[in-house]
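Residue numbers (the numbering used here), protein chains in the order written: chain A, 143 to 516; chain B, 143 to 516; chain C, 143 to 516; chain D, 143 to 516; chain E, 143 to 516. Even glycine gets a Cβ: it sits at the ideal position worked out from N, Cα and C.
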Amino acid sequence: MELPRIVPKELDPVHHLKVMGRFVRRALKKPGLPPGTVVHTGPKSEERVRISYLDFDAQNLTERADVRDVSVLWGLCDSPTASWVNVDGLHDTALIERIGERFGIHPLVLEDIAHVGQRPKLEEYDEYLYVVLYQLEWHGDEEMVVEEQISLVIGSNYVFSFQERPGDDFDPIRERLRTGKGKLRERGSDHLAYALIDATVDNYFTILHRIGSATEQAELELLEEPGQDTMRKLQQIKREMLVVRRAIWPLRDVLATLMRTESALITEDTRVYLRDVHDHAVQVLESVETLRDVVGGMIDLYLSQVALRTNEAMKVLTVMASIFIPLTFIVGVYGMNFDFMPELHTRWGYPAVWAFMISTAVGLLLWFKKRGWV
Amino acid sequence: MELPRIVPKELDPVHHLKVMGRFVRRALKKPGLPPGTVVHTGPKSEERVRISYLDFDAQNLTERADVRDVSVLWGLCDSPTASWVNVDGLHDTALIERIGERFGIHPLVLEDIAHVGQRPKLEEYDEYLYVVLYQLEWHGDEEMVVEEQISLVIGSNYVFSFQERPGDDFDPIRERLRTGKGKLRERGSDHLAYALIDATVDNYFTILHRIGSATEQAELELLEEPGQDTMRKLQQIKREMLVVRRAIWPLRDVLATLMRTESALITEDTRVYLRDVHDHAVQVLESVETLRDVVGGMIDLYLSQVALRTNEAMKVLTVMASIFIPLTFIVGVYGMNFDFMPELHTRWGYPAVWAFMISTAVGLLLWFKKRGWV
Amino acid sequence: MELPRIVPKELDPVHHLKVMGRFVRRALKKPGLPPGTVVHTGPKSEERVRISYLDFDAQNLTERADVRDVSVLWGLCDSPTASWVNVDGLHDTALIERIGERFGIHPLVLEDIAHVGQRPKLEEYDEYLYVVLYQLEWHGDEEMVVEEQISLVIGSNYVFSFQERPGDDFDPIRERLRTGKGKLRERGSDHLAYALIDATVDNYFTILHRIGSATEQAELELLEEPGQDTMRKLQQIKREMLVVRRAIWPLRDVLATLMRTESALITEDTRVYLRDVHDHAVQVLESVETLRDVVGGMIDLYLSQVALRTNEAMKVLTVMASIFIPLTFIVGVYGMNFDFMPELHTRWGYPAVWAFMISTAVGLLLWFKKRGWV
Amino acid sequence: MELPRIVPKELDPVHHLKVMGRFVRRALKKPGLPPGTVVHTGPKSEERVRISYLDFDAQNLTERADVRDVSVLWGLCDSPTASWVNVDGLHDTALIERIGERFGIHPLVLEDIAHVGQRPKLEEYDEYLYVVLYQLEWHGDEEMVVEEQISLVIGSNYVFSFQERPGDDFDPIRERLRTGKGKLRERGSDHLAYALIDATVDNYFTILHRIGSATEQAELELLEEPGQDTMRKLQQIKREMLVVRRAIWPLRDVLATLMRTESALITEDTRVYLRDVHDHAVQVLESVETLRDVVGGMIDLYLSQVALRTNEAMKVLTVMASIFIPLTFIVGVYGMNFDFMPELHTRWGYPAVWAFMISTAVGLLLWFKKRGWV
Amino acid sequence: MELPRIVPKELDPVHHLKVMGRFVRRALKKPGLPPGTVVHTGPKSEERVRISYLDFDAQNLTERADVRDVSVLWGLCDSPTASWVNVDGLHDTALIERIGERFGIHPLVLEDIAHVGQRPKLEEYDEYLYVVLYQLEWHGDEEMVVEEQISLVIGSNYVFSFQERPGDDFDPIRERLRTGKGKLRERGSDHLAYALIDATVDNYFTILHRIGSATEQAELELLEEPGQDTMRKLQQIKREMLVVRRAIWPLRDVLATLMRTESALITEDTRVYLRDVHDHAVQVLESVETLRDVVGGMIDLYLSQVALRTNEAMKVLTVMASIFIPLTFIVGVYGMNFDFMPELHTRWGYPAVWAFMISTAVGLLLWFKKRGWV
């Protein structure tokens, strides 16, 4: 006996992207490149990479929305003010390499920035810290959570943020920098990095609330008219939670390490704030686990309902069939055309058959009643 | 093929509140606020926030049930006596900020006090300890466990307790302070904090006993007349236990840390008592786990009963149908109207058919008996 | 749609006691009492509390079976000989308090002695160690494991054992003390405490063998005539194992701590023996886990058997019905009374119908044979 | 409603031995004996206990196959050569006590040697190490794994091995000692002990391969003709793996401790070899876990096959019955004997009924086809 | 009642190899050999063992593709340049022993090189490190993952790699050495070893993508036409993931240890790179776990679909049978041939029966509609 092939001959590329990109996540790159080779592995893009920066101290703020000449950034490195440089798009690897060379960033870090699908992690170097984390976005049309890798390089007076594509959860931070609300501008690059991470984790709660809504809806369906769609939704919810959990689980460890790191790049004051965001990460994880348990219970409930409905249909059928099949046999007997059937010719034959049939039916009904089937 | 949408278009807000508030717990606040912004996130309230305090030492006790001018509290800060200030209601964030400023409480702590849905936790600061825990209440009408976040700020000569709404498990403590029973008044603020935590944990046992009663009732149903309602109850019990577990699991760690903290705010004498309440927390957890196992076993039993009942109905049907369907065929044969059917015209035809049918039926019955179906 | 209420209006008190006392275990006491208040929480008893003691050294032994005046014990405290004082019954809390006061026992310990349902634990104080453990008893009539809390207070020259009710596993120890067999009398109070714990753990093996016997019996049933009773037995076995596991799991940790404690109350020589009893505790736990796995496998086997039997009944029914229902239809056709039915009047009609029916039946049988259903 | 009794009145002693001896393992001994009392608890034996020894150094070897006078061993204790004394049979407890006294072995060790069913463990004493491990044997007739407790007492110049019965995995070691192959004779008692443990662990691979073969066979059955026997085999395989796992799991820890022990009895050179055998133990465990996962998957596959076959039988029955039951009703209608049934007397009546029936059948068939049931 | 035998009499050798070699993995060797005996245990091979080496420093590179005289290698040992010696084929144990002797490799290491089926591991010796890892290959025909054991011996100026058979993932490394791309040639033997491990781990991602594709295909089937083949594929995917996980799980620990080893053989510079490959290993593991969860969810979905389809067939059958069986009984009644059946002779008899039957059918239909079955 031959086993079925488990790898298909050809595969719908769109669907492929969806699952592969989500569960294996890390794209393949050309094998055999030396480590530290910067290769972009995400979806190809034609758009120009956009660089913007905010350079600030407590008093002043300089903002540039679209830097075309990267050497403008060189000055930021040495100025006493803190700067936040944001790069939208990772396909211009030459650009990443130039920045890396100028700011003294390790080639392995540059490789990971471009090779999306990294695990959230913290790498400590003498001059800077490298943090990978994920921003989650809710795609309404496909109804799924989409990840975007964010790389932060945190130096003593700068923060670089590399994003796969434009659009992020950082706008409130930009606003706070511009208006000078809070003490963000006074506190330097490590506090800015904290603020970026905090904004990201805050957004996880929004995603969780979306998934929570979906869970409720599934529950209503379960109480009212459960079907295979309900089951499919519940499974889909479990999957989306896998994506959230995978983004947040390692981040929690990143934050715990960051909180206790001996690196001089993180000031004592910022550690209190990092404890706060670590706390939030633990809360998200806990909610994900609770929701998983709740959804697991709903799946069990659904399965038991299917089993029970089968059981009920079975009982109805058994009662109907068990009562009428014998009766049909009896009337069949007296429908036979034998010449010699004395019962047929007596006056009491017909009523007697009725009496017999009724008592049989009543007997069977009582027996089923005793078993609790009717 | 299109997958069903998992997020519904609109959602019943009441039901929403119920599940969201329970399983994701932490409400969303406006994104982009600087950390340390005090925003209340619980259900809105029109009621005035009520402040009360008890100021005491071994000899004297001053009680104020409803402080309207918050500056009355300022004196408590410097007096040598211990004080317990209780705040019912968190929506007056300006008030919380004023207290925080005067008593030197970190803005992140103030934020967490108002932003309910925190995880139970302990944060150590030089001047005070910040403890978050939950009081559980049994809501008879919805038959569910409702959580209320309690924030304790434990200073060297004061304890602040912030509650979401009036009503708590602390009345026995108030009574003991008033009557001077036990040594509570002699032992200072850390012992008072212990007493508050202890009262909260003691109440968890009450909740557990409620859930235990529900489990028993479900078990009785399971033995007598199990149905889909039984299954739903069992699932609901599992859920309520999730809520209890979520409240108590991190609290256990809080207590373990508190027991061993190097903070001078906790005296040696109080540590013995903290070990005791830690012990109780472990006991609650253990009972929750045991009950989960028991309820899990009951769910398995229920499912096996449904399967077995289906099996029994199936066997009854099979026996009835297998015996009578062939017989009905036989009588059908001799009900045919062919001109040429020699058997119909012999004298022994009719009895012979009966004999054949009876032996067929007996044979089938014996065969079913051998299989253990009758 | 309304959910069913999960907490019943009224509850059979007997059954209540059974489940509540077993799975939540710790009884509720009046809330609001100061810590250290000694309140008895077990079932009320009218019997007089019985105190007995054995005072011994290597040469001499004094035994008193029923001490009516508790002050007789005061001398034991100061004498150089070791003493074992056993108290049967915990409802005379005044007595416990008097003993506690004289022997300098912490109020929290006294509270835990009387408030049964504690978790097995070890608390180290300077002058004594406090150990809680459980004796298990097999109640033949209800066929369940019943727990009894034993509190040991181990001083430098005395051991107190507090029991909920008369009857224990300690008689062999008493005998060994009286006869002087082994070196028990020479080795002081810590070795006596070891002996008491050892006797308790040894008894767990007896309980395990009882549960093991039940498992075997269930297995025989499973091989011969499995029914819903088998399933219920298997679930009950799993529950009784929960009780055993809950008694032994924390005890293992108690013993590990006792083995390595820095307290001077435990001599070097006794530690070797404690390692031995720790080993036994681990063995009990391991057997419980193995039995759980075995019982889990039996439950799976049972469920698969039910599914398979349903499947077999289904196949018999399908074969019978699929063969005879079409045939019955055919004979029905020629039982119709239409005036114009030419087939009825040909000579070959009747045999042709038979031929057609036989070939249909044979064809269906062959098809079912190919599918492996007959 | 009464629950079924879970402990049977009487029990077949043979079957009893099988399960009890396997899953609870540790036999009961008379309670109340002082610790250190040497009591044999395995099956009774009439055979004489056989003692043999090998005394060797790099140059010489003395072998005695059956020592009748135990005092012959006394000399081995003081000689500079290494010796291996093997004792087959544990029922002569006086003998074990004599050896123990002469070689200074702790009474608790002697007790554990005779009281079989110990957990694999390592106990370190100043003069010797005590190791318990299990040899596994495949009993072809009952098709199960049988355990035999082996106790090793490892001194500076001797190793004692105590076995429950003759027959072991040590013959290759004996051969290597006799021939002097390898450096076994040069390396002293700790290396000999390593060799004995290594031979035992090597044999676990043989057992694993037996169980692996059984798994394959079950898989073939699963692909070809799965039945309840397949399920039972799979469950039996899981059980045998429980026995293997229980023998090896604690042994792994024993070896890890032995590898890192500070005892001078283990030389630096031997530690490398112990790391090797530790590695093998981990490999066995890993294979057991992998096989468990594989068998678990096979059980799931089996269960899904049963469900699917029920589903298929169900669909065949539904199609057959749904088509022919309505048709049988129709022909029944025209088999009625009413005087006034105009259809019966028209010429087109009979063909019209046929036309109606055929179109009904075709309609139903098409509907079933659309649902994918035919 | 006799239990079925679990070990078959004879076994198809081909199939045997497949499962045994995969799940128990470590082949049996002749028992009783002294440790350190080099025995090859993989499939026998007739091919000559091929040795090749690359000797290089930053400037020069010497390559020999097929060394026939092993003594050519002796010089590499002492030269200042780094060398990589690759051995394809392990059946020439004499050769392995000669190399081992000359390079001072411990006999236990030589034994493990030839005795394939080791667990991935790191053993540190003073002069060299021994690393075992697995290369995975996708065998398209059998659609399964095949493992090949790779042994690395890493000295200060050489790396030996021993492979079971020709063909590996190392070609890109060879190419980089030849072209001098990257800094591989400048960085010595530890960096070369890193590069070999990195190439191996990179290939795991390729395998994961293959398994990911299979998962997608199974998902498409599940949405469109799920059958028992789908279930079998899902189980097979789970198995292949077991193989991948088993290869990578211990490797992760190997890499973590290598990263932090105190051995001087690993330079500070290489540690950063080892952290990178460790990271990749964790990513592979995480993806395997995610895929397992996803596949687990798909299995649940499949099972629920089977149950639901049974339920639907059941309902169709129940509705059809429950409506037509009573009607067939009624028409049977009036097909009886009793002389005295007054209804038969009235004019309204026939229409009245029709009216009665139609109202019965409609009533039943309405009842089923209320239950939601039609």
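9 Å Cβ cut-off: residues of chain C touching residue i
i: N453 of chain B; result: V448, A449, R451, T452 and A455
Whole-angstrom distance between residue j and residue i, CA atom to CA atom
i: R316 of chain C; j: F304 of chain C; result: 16 Å
i: A236 of chain B; j: I390 of chain A; result: 34 Å
i: K323 of chain A; j: T179 of chain B; result: 11 Å
i: L376 of chain A; j: I441 of chain E; result: 14 Å
i: T372 of chain C; j: A356 of chain C; result: 11 Å
i: T412 of chain E; j: S194 of chain D; result: 56 Å
i: F482 of chain C; j: G491 of chain B; result: 27 Å
i: I472 of chain B; j: S464 of chain B; result: 13 Å
i: V504 of chain E; j: A449 of chain C; result: 35 Å
i: L393 of chain E; j: V396 of chain D; result: 24 Å
Proximal residues of chain B, C-beta to C-beta of residue i below 7 Å
i: K380 of chain C; result: G439
i: A463 of chain A; result: L459, M462 and A463
i: P177 of chain C; result: D340, Y415 and D418
Cβ-Cβ distance between residue i and residue j below 9 Å
i: F245 of chain C; j: A224 of chain C; result: no
i: R261 of chain E; j: E428 of chain D; result: yes
i: L506 of chain E; j: T460 of chain D; result: no
i: L319 of chain B; j: L433 of chain B; result: no
Chain-ordered neighbours of residue i on chain E, where CB pairs are closer than 8 Å
i: Y86 of chain D; result: The shown model of chain D, from 143 to 516, leaves out residue 86 of chain D, and the question about it has no answer.
Min CB distance residue i to chain C below 9 Å
i: Q359 of chain D; result: no
i: K323 of chain B; result: yes
i: R240 of chain D; result: no
Within-9 Å CB hit, residue i to chain A
i: V504 of chain E; result: no
Partners in chain B for residue i, counting only beta-carbon separations shorter than 9 Å
i: H487 of chain C; result: F480, D481 and F482
Contact set between residue i and chain B, taken where Cβ atoms lie within less than 8 Å
i: R388 of chain C; result: E428 and T432
Listed by chain order, chain A residues near residue i by CB distance under 8 Å
i: L443 of chain E; result: M373, R374 and Q377
Please name the residues in the stretch 465 to 481 of chain A whose beta-carbon is closer than 8 Å to at least one beta-carbon of chain B, in chain order. Correct list: I467, P468, T470, F471, G474, V475, G477, M478, N479, F480 and D481.
Could you name the residues of the stretch 421 to 434 of chain D whose beta carbon sits closer than 7 Å to any beta carbon of chain E, in the order they occur along the chain? Closer than 7 Å at the C-beta level to chain E, one finds these residues of the stretch 421 to 434 of chain D: D421, V424, Q425, E428, S429, T432 and L433.
The stretch 190 to 211 of chain D: which residues have C-beta closer than 7 Å to a C-beta of chain E, in chain order? Per Cβ criterion, the list is empty.
Give the residues from the stretch 334 to 350 of chain A that approach chain B closer than 9 Å (Cβ to any Cβ), ordered along the chain. Here the close residues are Y336, A337, D340, A341, D344, N345, F347, T348 and L350.
Chain A contacts from the stretch 305 to 329 of chain E (Cβ-Cβ distance under 8 Å): If the cut-off is 8 Å between Cβ atoms, the stretch 305 to 329 of chain E has D311, D313, P314, I315, E317, R318, K323, G324, K325 and L326 near chain A.
Check each residue of the stretch 236 to 263 of chain D: if its Cβ is closer than 9 Å to any Cβ of chain C, include it; give the result in chain order. Of all residues in the stretch 236 to 263 of chain D, the ones placed with a Cβ closer than 9 Å to any Cβ belonging to chain C are H248, L250, E253, D254, G259, Q260, R261 and K263, in chain order.
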